[in-house]
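> Protein chains in written order, with the working numbering: chain A, 1 to 303; chain B, 1 to 406.
Don't be surprised by glycine CBs; every beta carbon is placed ideally from N, CA and C.
Being a predicted model, the structure only gives us computed values, none of them experimental.
My structure is below; once you've seen it, I'll send some questions.
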Amino acid sequence: MHKNFGDVYAVQGVNFDVQAGEIFSLLGPNGAGKSTIISMLACLLEPTQGDALVMGHSILRDPMAVKAAIGVIPQDIALYEDLSARENLNFWGKMYGLRGAALRQRVDEVLGVIGLAERQKGRVGKFSGGMKRRLNVGIALLHKPHVIIMDEPTVGIDPQSRRNILDNVKELNQQGMTVLYTTHYMEEAQELSDNIAIMDQGKIIAHGTHDELVKIVGELDRIDLTINAEAGRVLERWQATEGVHQVSAENGQLTLLVDDSNVVLPRLFESASRGGVRITSVEIQEPNLEAVFLHLTGRALRD
Amino acid sequence: MRVIDLALKDLLQIVRDRRSAFFLGVMPILFTFFFGLVFGSSAEGDPRLPVGFVIHDESDALSASSQTLLEASDAIRPVLLEGNDADSAAESVRDGDLAGAVIVPVGFGEQALAGEKPRLTVIVDQNTPAGQTASSAVQAAMTRLLGAVETARLSAEAFEAREGFESEAARRAYLDEALALASEAWLQPPLTVAVEQSGAAAEEGEEISPNVYTQSSPGMIVQFVVFGLNTSAMVLVLERRSRTLQRLLTTPITRTQVIAGHVLAMFLVVFLQQALLVAFGQLAFGVDYMREPLAILLVMVTLALWVASLGLLIGAMSKSEDQVIMWALMAMFVFSALGGAWFPLDVTGKTFAAIGHLMPTAWAMDGFQNIVLRGLGLSSVLLPAGILLAYAVAFFALAVWRFKFE
Ligand SMILES: Nc1ncnc2c1ncn2[C@@H]1O[C@H](COP(=O)(O)OP(=O)(O)OP(=O)(O)O)[C@@H](O)[C@H]1O
Ligand SMILES: [Mg+2]
């Protein structure tokens with residue numbers, strides 16, 4: 001699919017498959033185009049070019065069938081704040097076609113799942129951010145959709161609500177729901193996903209299981225350092241150091257990809273002290289998705 | 001079904017908002033009452049000053065004649081006081097309940113017919129304009145009365161001189177008849193001003209008993225259904241801002257259904273508001289809407305349709321709650337002032353009335369007032385209702401065209 005907003009090319013020829021029953025993550029920084037893809041799959045936006053099939057239904061030709069098969073959790077919390085949690089669930093349940101006893105039962109179940117049974121009569125406007133997030137998720141589960149599409153459902157919340165949501169995703173997946181998940185948290189993608197597509201600037205730049213993706217950076221170790229001076233004073237020298245593959249500097253932190261940190265680290269200390277620079281902190285990390293992104297784009301995943 | 005569920009959700013949100021009751025019910029009722037007081041005079045529709053009347057001798061023919069004469073006055077209205085209590089009459093005058101009081105003493109008629117000068121007691125407060133008016137009106141009436149008595153007496157004397165009465169009873173009967181004729185003659189004013197209504201309605205309406213609320217009750221209904229729709233337009237704007245409107249579109253509902261649901265909610269709010277205000281107008285203000293229930297229903301439905309599409313338009317154009325209030329206020333002022341909700345367009349002259357009838361509200365006023373004021377029938381509201389319907393369609397098309405889902 002392609003999507004342009006005027007001359008902003010938000011999505012540029014993205015193509016991927018999600019298998020039934022898996023958790024598939026779109027991992028990418030701000031502005032990568034994740035939400036734009038979700039909006040097209042939810043039939044809110046028409047692609048400039050291309051099409052997608054959800055459960056075999058085209059988003060262009062049969063949007064109603066697509067909408068009935070999916071539950072969408074929008075990135076921005078979308079709730080009626082002047083209604084209670086239960087009234088919200090009741091209303092959205094009806095929009096998904098539930099009625100009567102079936103509706104009541106599902107509302108009760110979902111309230112339990114998202115841990116809001118005790119606060120069901122409370123006005124949503126008075127809820128904490130985490131409680132709103134959980135309700136935001138709960139709404140999309142009411143009709144037991146085949147596919148759940150979650151757009152950064154854990155942004156800006158407390159660890160407890162975040163845990164509740166991540167556990168729910170895994171639980172729902174075990175019950176057979178297919179999950180399309182977007183995030184810019186590497187840890188979430190790693191913990192949840194069967195398959196991951198890494199996105200940047202409207203394109204998928206890498207695609208596979210976690211282990212497959214990590215192999216892209218090979219057996220390289222990653223070292224995060226801070227120094228007591230401008231990064232520029234060591235940057236060139238370290239790039240030329242034997243065993244160092246890549247150096248990048250961002251926000252006062254230097255990140256290096258190296259062959260074997262045990263061998264390379266002493267060389268870095270030595271070259272720093274020769275230049276009159278002190279290394280003030282060091283952290284060594286095994287290869288991970290963050291490193292993959294850095295390797296592929298030369299930039300850190302997080303801002 | 002989703003359309004109805006969406007409308008019910010809107011209604012729930014409107015009911016939740018405490019301001020709704022105020023905008024939809026309390027304010028229009030207060031304003032109806034207030035405008036009624038400002039533009040009406042007294043609740044009975046009789047603008048003449050009340051003057052108390054104490055008759056000590058009820059068998060007296062002259063006392064009755066004096067009352068008849070006062071009854072015909074343009075300035076005062078006699079109120080017959082129970083009992084023969086001059087003191088309590090004086091107290092009512094002091095309190096301002098009466099503009100004045102007239103005490104007719106025992107033997108008033110006998111004295112007058114015998115050619116003596118009888119004494120009437122008139123109680124007024126000469127320091128007030130009402131008191132002065134009452135006093136001179138009573139004086140004028142009494143002068144006429146005594147003039148009539150004198151005429152009758154002279155005529156009786158002349159008759160007696162020529163032919164003589166067979167008995168005292170015959171003399172008395174002649175005198176009474178002469179007096180009645182004389183008073184009758186006095187009742188006919190020497191100068192008559194004929195008042196003719198210009199532009200009389202083609203159709204003759206039923207006589208409607210005068211009621212000051214026949215203007216303010218429909219007027220405030222029209223004004224506050226327009227203002228009251230800020231409650232339902234607000235729901236729509238909040239839905240767009242909270243992005244629930246976008247989220248709705250990820251569920252199996254079409255854009256058309258979303259719009260239909262909101263319009264349905266607005267229609268229901270306006271219709272129920274009108275039903276409340278019409279019922280209140282009928283029961284509390286005595287405006288007779290129910291003399292043509294079907295005609296009133298037709299006006300209510302078409303007015304609600306137009307107002308609902310206006311609400312959708314306001315909801316479509318506004319980005320914030322402030323803008324909703326601003327548009328609703330503006331619509332209220334323009335549509336009610338020009339549409340004749342505040343004062344009847346009949347009194348404003350031809351040009352203004354013509355401009356006013358560019359407003360759908362003027363047609364709504366016509367529809368209501370053809371029934372409650374002009375006493376016309378069902379056929380008289382067909383044109384107003386048709387025009388309201390046309391406006392509803394036009395506003396709806398405009399609203400749908402301007403409608404944004406984000
Ligand atoms: N309606 C729109 N009009 C114009 N540009 C848009 C619109 N929506 C998105 N964009 C642009 O498209 C690009 C992709 O945006 P998108 O929201 O899909 O990114 P994202 O990956 O979801 O980012 P984030 O993590 O911040 O949510 C951005 O450059 C954004 O500014
Ligand atoms: Mg996004």
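(1) Specify the secondary structure class of Asp224 of chain A as computed by DSSP and reduced to three states.
(2) Starting from Arg237 of chain A and walking both ways along the alpha helix (DSSP H), at which residues does that stretch end?
(3) Compute the beta-carbon to beta-carbon distance between Ile70 of chain A and Pro145 of chain A, rounded to the nearest angstrom, for a pair I have assumed lies under 8 angstroms.
(4) In three-state DSSP terms, what is Val277 of chain A?
(5) Can you find a C-beta in chain B that's less than 8 angstroms from the C-beta of Met177 of chain A?
(6) By how many angstroms is the C-alpha of Lys170 of chain A removed from the C-alpha of Val72 of chain A?
(7) If you measure beta-carbon to beta-carbon, which residues of the region 26-48 of chain A are closer than 8 angstroms to chain B?
(8) If the cut is a Cβ gap below 9 angstroms, which residues of chain B does Lys67 of chain A touch?
(9) Looking only at its own chain, which residues have a Cβ that is under 8 angstroms from the Cβ of Ile14 of chain B, when we skip the five neighbours before and after it?
(10) Closer than 9 angstroms, Cβ to Cβ, to anything on chain A: give me those residues from the region 6-23 of chain B, in chain order.
(11) Could you check how far apart the C-beta atoms of Leu229 of chain B and Val287 of chain B are, in whole angstroms? I think they sit under 8 angstroms.
(12) Closest Cβ-Cβ distance between Leu79 of chain A and chain B: below 8 angstroms?
(13) Since His2 of chain A sits in a beta bridge, which residues does DSSP pair it with?
(14) On the criterion of 16 or more Cβ atoms from any shown chain inside 10 Å, does Ser379 of chain B qualify as buried, or is it exposed?
(15) Is the beta carbon of His2 of chain A closer than 8 angstroms to that of Gly50 of chain A?
(16) Could you check what DSSP says for Ile157 of chain A in three-state terms: helix, strand or coil?
(17) The beta strand (DSSP E) with Met150 of chain A in it runs from where to where?
(18) Using the beta carbon as the reference atom, which residues fall closer than 5 angstroms to any heavy atom of ligand 1, ordered along the chain?
(19) Only counting the same chain, and skipping five residues up and downstream in sequence, which positions put a Cβ closer than 6 angstroms to that of Thr32 of chain B?
(20) Return the Cβ separation of Leu298 of chain B and Val381 of chain B in integer angstroms, given the expectation that the two are a contact with Cβ distance under 8 angstroms.
(21) Please report the distance separating the alpha-carbon of Pro344 of chain B from that of Phe396 of chain B.
(22) Residues in the region 226-242 of chain B with C-beta within 7 angstroms of chain A's C-beta atoms, listed in sequence order?
(23) Which runs of the beta strand (DSSP E) at least 3 residues long sit entirely within the region 162-219 of chain A? Give them in chain order.
(24) Assuming the contact rule is C-beta atoms closer than 8 angstroms, Val124 of chain B and Gly115 of chain B should be a hit. Round their C-beta distance to whole Å, please.
(25) Compare the Cα-Cα distances from Arg241 of chain B to each of B:Ile4, B:Tyr391, B:Ser320 and report the closest residue.
(26) According to DSSP, simplified to helix, strand and coil, what is His57 of chain A?
(27) Can you find a C-beta in chain A that's less than 8 angstroms from the C-beta of Thr256 of chain B?
(28) My output table needs one value for Phe343 of chain B: the three-state DSSP class, helix, strand or coil.
(29) Ligand 2 and Asp322 of chain B: does any heavy atom of the ligand fall closer than 7 angstroms to the residue's C-beta?
(30) I'd like to confirm something about Glu152 of chain A: is its beta-carbon nearer than 7 angstroms to some heavy atom of ligand 2, or not?
(31) Thr192 of chain B by DSSP, collapsed to three states: which one?
(32) Report, in whole angstroms, the separation of the C-beta atoms of Gly109 of chain B and Leu146 of chain B, which I expect to be a contact under 8 angstroms.
(33) Taking all protein chains shown into account, decide if Ser136 of chain B is buried (16 or more other Cβ within 10 angstroms of its Cβ) or exposed.
(34) Would the beta-carbon of Ile223 of chain A fall within 8 angstroms of that of Leu256 of chain A?
(35) Ligand 2 and Gln273 of chain B: does any heavy atom of the ligand fall closer than 7 angstroms to the residue's C-beta?
(36) Output needed for Val138 of chain B: all residues of its chain with C-beta closer than 6 angstroms, excluding positions within five of it in sequence on either side, in chain order.
Here's the rundown:
(1) strand
(2) 232-239
(3) 5 angstroms
(4) coil
(5) no
(6) 16 angstroms
(7) Ala42, Cys43, Leu44
(8) Leu249, Thr250, Thr251, Pro252, Ile253
(9) Ser20, Thr231, Ser232, Val235, Ala265, Val269
(10) Leu6, Leu8, Lys9, Leu12, Gln13, Arg16, Asp17
(11) Contact flag wrong, Cβ pair sits at about 23 angstroms.
(12) yes
(13) A:Gln12, A:Gln49
(14) exposed
(15) yes
(16) coil
(17) 147-151
(18) A:Phe5, A:Val8, A:Ala10, A:Asn30, A:Gly31, A:Ala32, A:Gly33, A:Lys34, A:Ser35, A:Thr36
(19) Ser216, Ser217, Met220
(20) 6 angstroms
(21) 28 angstroms
(22) Ser242
(23) 178-183, 195-200, 203-208
(24) Rounded, the Cβ-Cβ distance is 28 angstroms, inconsistent with contact.
(25) B:Ser320
(26) strand
(27) no
(28) coil
(29) no
(30) yes
(31) In this predicted model, Thr192 of chain B has a pLDDT of only 43, less than 50, meaning its place in the structure is not dependable; the value taken from the coordinates is given anyway. Coil at Thr192 of chain B, not helix or strand.
(32) That belief does not hold up - the Cβ atoms of Gly109 of chain B and Leu146 of chain B are roughly 11 angstroms apart, past 8 angstroms.
(33) exposed
(34) yes
(35) no
(36) Val102, Val122
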